[in-house]
Each structure stands twice: as C-alpha cells, then as structure tokens.
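For the sequence shown, the UniProt record's numbering begins at 1 and goes up steadily by one.
Virtual Cβ for every residue (Gly too), placed ideally from N, Cα, C.
No experiment lies behind these values; they were computed from the predicted model shown.
Here the structure is laid out as structure tokens; the discussion comes afterwards.
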Amino acid sequence: MADITVVVADDQAAVRDGLVTILEHAPGIRVVGVAADGEQAVRLAVELAPDVVLMDLRMPGLDGVAATARIAESNGSKVLVLTTYSDDKSIVEALQAGAAGYLTKSAGREQIVSAITATADGHSTFAPEVTRTVVRGLAARTRLEEVARQHRLTEQEARVLALMARGKSNRAIAESLGIGLSTVKTHTNNLFAKLHVANRAEAAALLS
C-alpha cells in the first residue's frame, strides 16, 4: 500500500519542523512538502497533489481558510486543519471552506497521525471542542428549519432570523445577504408578525 503523502503548512518554522519530525517517524506517512503561508500551500497542493494538507489557519498573506477553499476547489487533496484556535467562528469558516477535519495544537502525536490516516481514508476527525461546536450548529439549523416551517417563513426571512439570533445588526445583516437596509427592516417586521414576537430578543429566543 502506498504511503499517505502530506504537505505541512504553518507559518512558524519550529511548528513545521516539529510536525515533519513527528510524521517522518509515522509508518505509512510521507511528507512531500512544507509551506509557510497559504499561497505556498495552494501551490504545493496543485503541484504535488498530496493526499492530505495539514493546514494552520492564521498565516500571513493568504490565510488558512482561504487556502483551504482554493485547495478544495482545485484538486482532490483533503485539508486537515491543525490550529491554535477553537472558537466557533474559526471552526465554522474552516468547515465551510471545505476542511475535512479540524484539530487543535493541543493534540498529541498519535491523534495527529490517526487524524491524517482517517482524513486520507475519507473520514472526518474533529477535536472534542470542535465536535461540540458542530453539534450546536446542527441543532440550531434543525431548530431554524422547524421554526421556518411552522411559521411559514420565506427563505430570506429564515436567513434574516438566523443572523438576528447571532446578534447581527440590521446593517450587518444587509451586508451579509447583499440586500438593502430597508429590505432587512421589512423582513424584520414580517418576522415579528409571523412569529408573534415584539422584539429581536424574543425572535432569537425561539432558536435557543
């Protein structure tokens, strides 16, 4: 069976070197390239077509999220995120960009090696804190679908409600959806009427 080929992308040389050392001692895994930023990671992914790109998120220039999206669109390499950050925003952005798995740098060498093997085999591996975020996100999406169906919300009204529940202002919602501020206000008024609520807090509470 051929070795799993890996590109390691991290802007910190010490971290890169440490990961390469770990992987060089892992049976069945071969490091074929290292990158110090997102641009290099994308270029190596295209040139070398590794099975897995081990990707940091915060890097100069093109960051890990943008690099992940490009790799996901361009070839068959799978991206496994390995980063310091475990906040919801980072996790959601990485997964939406196409990351196949997400580990934090607190992971031990066995967990990293196991995750790379699983990722190459087409499975997803998540750190425990990431799993909690994913589960919360799925639960919230299911609840939104229930509320939208029960109250006959349009797709756009459901999108507005979801952003409202995340604490977004009308202006931020308008920017996110690419619509006018007056249109957001109209959707908000329609939501209040359909949901039988008096304000944004009551509307958001329906999704909690």
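Rounding to the nearest angstrom, what Cα-Cα distance links residue i and residue j in this structure?
i, j, result
"Leu153", "Leu144", "10 Å"
"Arg166", "Ala67", "26 Å"
"Ala120", "Leu191", "45 Å"
"Tyr102", "Met55", "9 Å"
"Gly28", "Ser77", "17 Å"
"Arg171", "Leu181", "6 Å"
"Ser86", "Leu207", "23 Å"
"His25", "Asp88", "33 Å"
"Ala198", "Gly178", "26 Å"
"Val52", "Glu73", "14 Å"
"His196", "Glu157", "14 Å"
"Gly108", "Arg149", "44 Å"
"Gln40", "Arg16", "13 Å"
"Met164", "Ala204", "6 Å"
"Glu47", "Ile112", "24 Å"
"Arg141", "Ala94", "18 Å"
"Asn75", "Pro50", "10 Å"
"Ile22", "Ile116", "12 Å"
"Ser106", "Thr84", "8 Å"
"Gly122", "Ala100", "8 Å"
"Thr125", "His151", "36 Å"
"Thr186", "Glu202", "17 Å"
"Ala9", "Ile173", "34 Å"
"Glu110", "Ala118", "12 Å"
"Ala162", "Met59", "30 Å"
"Arg30", "Ser176", "41 Å"
"Lys168", "Arg200", "10 Å"
"Asp3", "Ala13", "24 Å"
Based on the DSSP secondary-structure assignment, which residues constitute the bridge partners of residue i?
i, result
"Ala9", "Ala35 and Met55"
"Arg30", "Thr5"
"Val46", "Answer by DSSP bridge pairing: none, since Val46 is not bridged."
Could you check whether residue j and residue i sit closer than 8 Å to each other, using their CB atoms as the reference points?
i, j, result
"Ala45", "Val20", "no"
"Val34", "Leu57", "no"
"Gly61", "Gly38", "yes"
"Ile71", "Val79", "yes"
"Ala127", "Thr104", "yes"
"Val184", "Val147", "no"
"Val130", "Ala97", "no"
"Thr5", "Val32", "yes"
"Asp63", "Ala36", "no"
Complete alpha helix (DSSP H) runs within the UniProt domain "HTH luxR-type" (146-208) (minimum length 4 residues, chain order): Correct list: 155-165, 170-177, 181-195 and 200-205.
Any alpha helix (DSSP H) of 4 or more consecutive residues that is wholly inside the region 75-125: Runs of the alpha helix (DSSP H) inside the region 75-125: 88-97 and 109-120.
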